[in-house]
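**Q**
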Amino acid sequence: METKSACVFIINAGSSSIKMALYEMNDKPVLKLTGKIENIGNNNSKLVIKENNAKNEVEINASDFHLATLSLIDWLEKQDWFANIKAIGHRVVHGMHHTKPEVITDGLLNELNSIIDYDPDHLPAEIEIIKQIKQKHPNLLQVACFDTAFHTTIPAVAKTLAIPKNYYEEGIQRYGFHGISYSYLMQELKKKNEAEANGHIILAHLGNGASIAAVKEGKSIDTSMGFTPAGGIVMSSRSGNIDPGVIWFLMQKGMDAKAFNNLINHQSGLLGISGISSDVQQLLQEKNNKDAALAIDIFCYQIKKYIGGYTAALGGLDTLIFSGGIGENAPEIRTRICNDFAYLNIQLDEERNNKNEWQISSNESNVKVYVIPTNEELMIAKDTIHLYTSTQNK
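Using the working numbering, you'd call the opening residue of the sequence shown number 161 and step up by one each time.
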């Protein structure tokens, strides 16, 4: 790839994968390539780069996250365009009370280190890659975009957990996640109809991780995920909300904290219920399997409950938006969720729905229902460019 323009590089690090994207800096950032390192910790890991509809695979050492990070940096340094990278933007899942993207300083890095136990599935990987880049390229601006920032507007009545107050003062509360995605969806809705973006809105980010958010006058007032991304609705392999007594019961059986974290994040949800797969599309094809059918039923049922509950919390519903891998690509799931909302007069146009069109509600529906593909990397790119530009103008 050839580019002489200034660029930003976007990194979305997870516990076993690193997603990335390169954008040329512009009023409207231009995507140049995307990439992903999957199966970190295995011997068959590869860096897969997609550029202009072409795919290139690079053999790398990613037997652990540290080596995967070093391999990525080594690959970056060999690219002709590496010198054009002016800033690197990171998705940081947990940002406590930070309300907007920030330039990463030693102080911010120390703060993230101090809350690493809040999100052991994401924060260690995110911190590791930031540190390695900082060590090798200390003058390269790095930006943190927090998934929790969108939800810092949630009022006390929704974010306070019913446990002794001293725990709240220690930071245990509802934070909510998927905020970068939700910010993008609200931005896209505002482009289409600013008045509608100030109404009563429910956002459903349905992917491997899944959550629901209630938005009023452009601000989050409640969301399904809580203290960690494991809370809320049933997800691909995460349990969602469970009775706290289950934790006590399993501890009595000898389960320790690490095993419990693995259980609720990697063995539960659709995978745990079905015993087959965490993939919705695969479960939908298992027509004669009762456990697969039950997993899908529970998934849709819980989302319905949240939509009903958040409609009450909002005092009505004007707009419902589906996004994420499932929300964008599973018409049957959207139909099953929207069924039984006759009292809200939600009506889908099945032809639009089956085509995954932008508006899938019928013209007679009282509630507008949209499918908006999310783009977290683009949102991070915009915020990173904004902060880089701000630092240059000082």
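Just so you know, even glycine gets a beta-carbon here, dropped at the ideal spot from N, CA and C.
When burial is assigned at 16 or more other CB atoms within 10 Å of the CB, is Thr388 buried or exposed?
**A** buried
**Q** Mapping the DSSP letters down to three states, classify Thr383 as helix, strand or coil.
**A** Looking at Thr383 - three-state DSSP - the assignment turns out to be strand.
**Q** On the three-pair Cβ rule with 8 Å, is the segment 370-379 touching the segment 408-420?
**A** no
**Q** When the distance is taken between beta carbons, is Asp543 closer than 8 Å to Ala473?
**A** Against a cut-off of 8 Å, the Cβ pair of Asp543 and Ala473 comes out as no contact.
**Q** Please give the ranges of any beta strand (DSSP E) in the segment 220-267, keeping only runs that are unbroken, at least 3 residues long and fully inside the region.
**A** 245-252
**Q** Can you tell me whether Pro298 is buried or exposed, with buried defined as 16 or more other CB within 10 angstroms of its CB?
**A** exposed
**Q** Mind checking who Asn216 pairs with in its DSSP beta bridge?
**A** Ile209
**Q** Around the C-beta of Val406, are 16 or more other C-beta atoms found within 10 angstroms, so that it is buried, or is it exposed?
**A** exposed
**Q** Taking the CB atoms as reference points, tell me whether Arg251 and Asp187 lie closer together than 8 Å.
**A** no
**Q** Around the Cβ of Pro324, are there at least 16 other Cβ atoms within 10 angstroms (buried) or fewer (exposed)?
**A** exposed
**Q** Report, in whole angstroms, the separation of the C-beta atoms of Asp279 and His254, which I expect to be a contact under 8 Å.
**A** 4 Å
**Q** For Tyr183, list the residues DSSP reports as bridge partners.
**A** Val168 and Leu191
**Q** Which residue or residues does DSSP assign as beta-bridge partners of Val531?
**A** Phe482
**Q** Would you grab the beta carbon distance between Ile293 and Ile248 for me? Rounded to a whole angstrom, and I think it's under 8 Å.
**A** 6 Å
**Q** Work out the CA separation of Leu191 and Asn213 for me, nearest whole Å.
**A** Going from the Cα of Asn213 to the Cα of Leu191 covers about 12 Å.
**Q** Based on DSSP bridge pairs, tell me the residues matched to Val303.
**A** Gly249 and Val263
**Q** On the CB-based measure, 16 or more other CB atoms within 10 Å of its CB, does Val440 come out buried or exposed?
**A** Label assigned to Val440: buried.
**Q** Please report the residue range of the alpha helix (DSSP H) in which Ala285 lies.
**A** Leu283 to Lys296
**Q** Enumerated in chain order, which unbroken segments of the alpha helix (DSSP H) with a length of 4 residues or greater are wholly contained in the segment 331-392?
**A** 339-352 and 354-357
**Q** Please tell me whether Ala541 and Pro261 are closer than 8 Å, where the distance is taken between their beta carbons.
**A** In this structure, Pro261 does not lie closer than 8 Å to Ala541 by Cβ.
**Q** Starting from Gly468, trace the alpha helix (DSSP H) both ways and give me its first and last residue.
**A** Lys450 to Leu474
**Q** Name the two residues that bound the continuous alpha helix (DSSP H) containing Gln442.
**A** Val440 to Gln445
**Q** At the level of alpha carbons, what is the spacing between Ala322 and Gln507?
**A** 37 Å
**Q** With distance defined between alpha-carbon atoms, name the residue in Asn204, Ser343 and Gln295 nearest to Asn535.
**A** Ser343
**Q** Below 8 Å on the Cβ atoms is my contact criterion, and I expect Gly484 with Gly367 to pass it. Report the Cβ-Cβ distance as a whole number of Å.
**A** 4 Å
**Q** Closest to Leu444 by C-alpha separation, out of Ile493, Asn516 and Tyr466, would be which residue?
**A** Ile493
**Q** Along the alpha helix (DSSP H) that carries Asn422, what are the first and last residues, could you check?
**A** Unbroken alpha helix (DSSP H) run through Asn422: Ala417 to His426.
**Q** Need the endpoints of the alpha helix (DSSP H) that Trp408 sits in, please.
**A** Pro404 to Gln412
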